[in-house]
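*Asks:*
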Amino acid sequence: MNKPASSAELLCKARTLAGLTLAELAELLDYQLPPNLLKDKGTIGQLLERYLGASAGSKAEPDFPELGIELKTLPIDALGQPLESTYVCVAPMQLGGIQRWQDSWVCQKLSHVLWIPILASRHIPLPERIIGRAFLWQPSAAQQALLRQDWEELMELLMTGRLAEIRGAHGEVLQLRPKGANSKAVTTAVGSEGQPVLALPRGFYLKTAFTRQILQEQGYC
DNA sequence: ATTTGATCATGT
DNA sequence: ACATGATCAAAT
134 MNKPASSAEL LCKARTLAGL TLAELAELLD YQLPPNLLKD KGTIGQLLER
184 YLGASAGSKA EPDFPELGIE LKTLPIDALG QPLESTYVCV APMQLGGIQR
234 WQDSWVCQKL SHVLWIPILA SRHIPLPERI IGRAFLWQPS AAQQALLRQD
284 WEELMELLMT GRLAEIRGAH GEVLQLRPKG ANSKAVTTAV GSEGQPVLAL
334 PRGFYLKTAF TRQILQEQGY C
């Protein structure tokens with residue numbers, strides 16, 4: 134699909150999908166929907182990327198580079214509550230990575246997001262799940278401060294060899310969790326003595342309480 | 001191996 | 001019931 138020329142155009146186009154089922158969207162794109170998400174977890178996001186004209190592929194840049202906008206689907210239940218945490222990006226695990234919050238992937242990716250809620254309770258068959266009303270979001274100063282605080286805390290632990298201490302419960306709004314093919318995937322990280330060690334790759338995720346707050350601001354739930 | 005798209009599914 | 005830790009596929 135064509136690239137949107139402005140954020141307004143992008144939002145407008147995304148909103149035309151509100152109320153459609155995933156089967157209907159798949160038909161618009163002449164795409165064969167998988168029976169479920171067991172082996173195709175990212176398929177909904179990819180479908181919307183295609184429809185809205187996002188850059189394809191897995192490049193480490195915003196979905197709409199010219200607009201600086203990141204597209205995120207958000208599974209919600211019938212009450213408008215988020216069903217899952219939201220993946221943001223992988224975490225730099227080696228020394229010499231990004232130091233400043235302003236330059237971090239988390240900050241950049243979350244600076245401007247097109248959220249597309251999907252009514253996606255697990256009992257609803259994939260084709261029958263319904264696309265919600267998309268909205269653009271930029272973090273408020275308070276939200277930004279929360280994100281920054283968590284990010285700085287987690288990065289401090291990562292860079293000082295205390296990765297082993299980190300669990301998903303760390304952080305108010307942002308958490309660090311495994312992000313890899315499986316529990317045997319490895320990447321280089323900082324060991325307890327500052328030495329390079331192999332460790333499970335991690336990613337940053339937004340906790341559901343945070344995305345719930347974003348939805349509430351928009352009049353969902 | 002890494003980053004993208006995320007959700008699954010078990011343990012608490 | 002829910003979050004944490006585990007996992008799946010494609011593109012690069």
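Heads up: the first sequence is residues 134 to 354, going by the working numbering. Here a beta-carbon is modelled for each residue, glycine too, at the ideal position from N, C-alpha and C.
1) Please confirm whether alanine 141 and alanine 267 have their CB atoms less than 8 Å apart.
2) Judging by CA-CA distance, which residue of Gln351, Gln282, Tyr164, Pro225 is the nearest neighbour of threonine 293?
3) What number of angstroms, rounded off, separates the C-alpha of proline 334 from the C-alpha of alanine 314?
4) Around the C-beta of alanine 278, are 16 or more other C-beta atoms found within 10 angstroms, so that it is buried, or is it exposed?
5) Please classify glycine 229 as buried or exposed, where buried requires at least 16 other C-beta atoms within 10 Å of its C-beta.
6) Tell me the DSSP bridge mates of tryptophan 248?
7) By how many angstroms is the C-alpha of valine 323 removed from the C-alpha of glycine 265?
8) Kindly indicate which residue of Thr341, Val319, Leu339 has the alpha-carbon position closest to the one of leucine 331.
9) Any chance the CB of glutamate 305 is under 7 Å from a heavy atom of the ligand SAH?
10) Determine the closest residue to leucine 143 out of Ala159, Ser254, Ala156, Leu200, with distance taken between C-alpha atoms.
11) If you reduce the DSSP assignment to three classes, tell me which class tyrosine 353 lands in.
12) Counting C-beta neighbours from all protein chains within 10 Å, is the total for glycine 304 16 or more, i.e. buried, or is it exposed?
13) Can you tell me where the alpha helix (DSSP H) holding leucine 280 begins and where it ends?
14) Here's the rule I'm using: 16 or more other beta-carbon atoms within 10 Å means buried, otherwise exposed. How should glutamate 325 be labelled?
15) Let me know the secondary structure DSSP gives arginine 233 once reduced to three states.
16) Do leucine 339 and serine 237 have their C-beta atoms within less than 8 Å of each other?
17) Looking at the secondary structure, which residues open and close the alpha helix (DSSP H) in which glycine 178 lies?
*Replies:* According to the data block:
1) No, Cβ-Cβ distance for alanine 141 and alanine 267 is not below 8 Å.
2) Ranking the options by Cα distance to threonine 293, first place goes to Pro225.
3) Each residue's alpha carbon lies about 9 Å from the other.
4) When all chains shown are included, alanine 278 counts as exposed.
5) Counting C-beta atoms within 10 angstroms of its own C-beta, glycine 229 has fewer than 16 neighbours from the protein chains shown and is therefore classed as exposed.
6) For tryptophan 248, the pairing in a beta bridge is given by DSSP as Lys205, Phe268.
7) One C-alpha to the other measures close to 42 Å.
8) Nearest of Thr341, Val319, Leu339 to leucine 331, Cα basis: Val319.
9) For the ligand SAH, the structure offers nothing, since it holds no ligand at all.
10) The residue from Ala159, Ser254, Ala156, Leu200 with its alpha-carbon nearest to that of leucine 143 is Leu200.
11) The answer is coil: DSSP assigns tyrosine 353 none of H, G, I, E or B.
12) Buried, since its Cβ has 16 or more Cβ neighbours within 10 Å.
13) Counting along the chain, the alpha helix (DSSP H) containing leucine 280 begins and ends at 274-292.
14) Inspection of the sequence shows that residue 325 is occupied by serine rather than by glutamate. By the neighbour-count rule (16 or more Cβ atoms within 10 Å), serine 325 is not buried but exposed.
15) Coil, per DSSP.
16) Going by C-beta atoms, leucine 339 is not nearer than 8 Å to serine 237.
17) Glycine 178 -> alpha helix (DSSP H) spans 176-185.
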